[in-house]
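Reviewing the structure listed below.
Numbering (UniProt numbering), first residue to last: 1 to 258.
This is the structure in structure tokens:
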């Protein structure tokens, strides 16, 4: 819950007792506005990535066998594959205009554009992450996030989901764990289909307004019991293969440079 994260997150400890209540109200205001739209994108991505869905089911099966059905803050931190999936989904559905900054001094961009003092600039993360418009050959790669060994709840220069610098969201850990817990419960209880006619699922694309939504108004849900699934994949072995593949790649690149 929020209090447990407040006790361990140094960023939240910056708020005094007097500030805590209004900040909490503000956090819930923005959670109500933003989280549902991001969850829609995660749900649609689950429906078009069946192979990854089975890996996420296996991760939940493994955690349930070790810790039971409860999802605590510490157990949520062990959901490495789910964390990487959410990171990829949220990055793909980033807004085309975010992280606003006021220009402090006149500056020329590399393409010759002049930004004058007092103007407002923003980052187009949508185009940065998705340079191609086709959804047929869309690459949904969670391996790079597993290799990074950093949760999607940790703001950084490589993870601008929560802003950056002085405008970084202090509630990233809390909001992120709400998203992760909801998605984990969804995976444990429901299987999601984009269609029921047997066609290969293809992402429908996005409607890019202030908030990015998928270009579909429905998916199909089927209740399931993941405890009855046979073991589908050894995730510990898969994790080690991902880590080792990167180590081998680095070693190969080092040999080439010698």
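For every residue, glycine included, the Cβ atom is placed at its ideal position computed from N, Cα and C.
Segment contact: the segment 187–205 against the segment 41–49, three or more CB-CB distances shorter than 8 Å; contact assigned.
When secondary structure is reduced to three states using DSSP, residue 159 falls in the strand class.
Taking 3 residues as the minimum length, the segment 47–71 contains no beta strand (DSSP E) run wholly inside it. Assignment of residue 117 by DSSP, reduced to helix, strand and coil, places it in the coil class. Shown here, residue 87 sits in a helix according to DSSP, grouped into three states. In the same chain as residue 127, and ignoring 5 residues on each side of it, the C-beta atoms closer than 7 Å to its own belong to 96, in chain order.
Counted as a single uninterrupted DSSP element, the alpha helix (DSSP H) harbouring residue 73 occupies residues 73–76. Secondary structure at residue 232: coil, using DSSP grouped into helix, strand and coil.
Per the DSSP secondary-structure output, residue 213 pairs in a beta bridge with 207. For residue 222, the enclosing beta strand (DSSP E) begins and ends at 220–223. For residue 174, the uninterrupted alpha helix (DSSP H) run begins and ends at 172–189, by DSSP.
Residue 186 sits away from residue 54, with the two beta carbons spaced by 8 Å or more. In the DSSP assignment, residue 101 falls outside any alpha helix (DSSP H) and within the unbroken beta strand (DSSP E) covering 98–102. Distance check between residue 160 and each of 85, 76, 129 places 129 closest, using alpha-carbon atoms only. Under the DSSP assignment, residue 146 falls in the alpha helix (DSSP H) whose first and last residues are 143–148.
DSSP places residue 127 inside the alpha helix (DSSP H), whose first and last residues are 125–129. If you draw a straight line from the Cα of residue 192 to the Cα of residue 120, it is about 41 Å long. For residue 151, same chain residues with a beta-carbon under 6 Å away, outside a window of 5 residues either side, are 83 in chain order.
In this structure, residue 41 places its C-beta atom within 8 Å of the C-beta atom of residue 89. Contact annotation: residue 194 and residue 219 have beta-carbon atoms nearer than 8 Å. Relative to residue 182, the option among 111, 100, 79 whose CA is nearest is 79.
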